[in-house]
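Here is the structure we will look at, set down as structure tokens.
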Amino acid sequence: MRYHNWNEDSTKGKILNRVYASACLSYSNIFTPDYNSAHANHFHLDNGFGVGC
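So the mapping is simple: my numbering equals the position in the sequence shown, first residue as 1, plus 99.
Here it is in structure tokens:
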């Protein structure tokens, strides 16, 4: 599954959006592939100080 599909209105995009939404229930910081080039191929999940989803 390609991460650049994560925000598309497609089956793959919907799955990755569910992953993102589910992660928001447990993590305070989530960087998506749109965040920057260092995160272009993955989601970064962190419980450090942050603003949430």
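Yeah, the Cβ is synthetic: ideal placement off N, Cα and C, and Gly gets one too.
- Ile129 has its alpha-carbon roughly 7 Å from the corresponding atom of Phe142.
- Sorting Cys152, Lys113, Thr110 and Lys111 by C-alpha distance to the C-alpha of Tyr134 places Cys152 at the top.
- Asn146 sits away from Ser121, with the two beta carbons spaced by 7 Å or more.
- For Ile129, the pairing in a beta bridge is given by DSSP as Leu144.
- Between the alpha carbons of Lys113 and Pro132 lies a gap of roughly 15 Å.
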